[in-house]
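Presented below is the structure to which this report refers.
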Amino acid sequence: MPRIARGETVGGIYHIINRGNMKMQVFDDAEDYEYFLELLEKGTKREKVGIHAYCLMPNHFHLLLVPKEEKSLVVHLKLVDKSSKV
Numbered sequence: 001m002p003r004i005a006r007g008e009t010v011g012g013i014y015h016i017i018n019r020g021n022m023k024m025q026v027f028d029d030a031e032d033y034e035y036f037l038e039l040l041e042k043g044t045k046r047e048k049v050g051i052h053a054y055c056l057m058p059n060h061f062h063l064l065l066v067p068k069e070e071k072s073l074v075v076h077l078k079l080v081d082k083s084s085k086v
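Note that the UniProt record's numbering has the sequence shown beginning at 1, numbered continuously upward.
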């Protein structure tokens, strides 16, 4: 069951975490990490989201993101999710 949608505050810092199903690896090699970072960068420019920090691990990742416009965080995360296997 999905979580209840939360409000998004422009300029707020949001901790985003995503883990592979059953703790499976989501990044297999250096190319996977690079591709994900490219998606993240494209999304931040397109959807006006700042990256405060990130940590990529083999089976999950953490992001600290700052939306610069209303609803930009949700749109950014959908873009990254649609374009990656994560």
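Glycine included, every Cβ here is placed at the ideal spot set by N, Cα and C.
If you're wondering where the values come from, they're calculated on a predicted model, not measured in any experiment.
Those residues which DSSP pairs with I17 across a bridge: For this step, residue 17 is matched to residue 17 along the sequence shown. In the DSSP output, where bridge partners are listed per residue, I17 has H62.
Residue environment, H52, which counts as buried when at least 16 other CB atoms sit within 10 Å: By one-based count along the sequence shown, residue 52 stands at place 52. It counts as exposed.
Whether D47 touches V10 by CB criterion (8 Å): Position 47 of the sequence shown holds residue 47. Position 10 of the sequence shown holds residue 10. Residue identity differs from the one stated: residue 47 is Glu in this sequence, not Asp. For E47 and V10, no; Cβs fall outside 8 Å.
Close beta carbons around V74, own chain, < 7 Å, minus the five adjacent residues each side: In the sequence shown, the residue the question calls residue 74 occupies position 74. Counting only Cβ-Cβ distances below 7 Å, and skipping sequence neighbours, we find E8.
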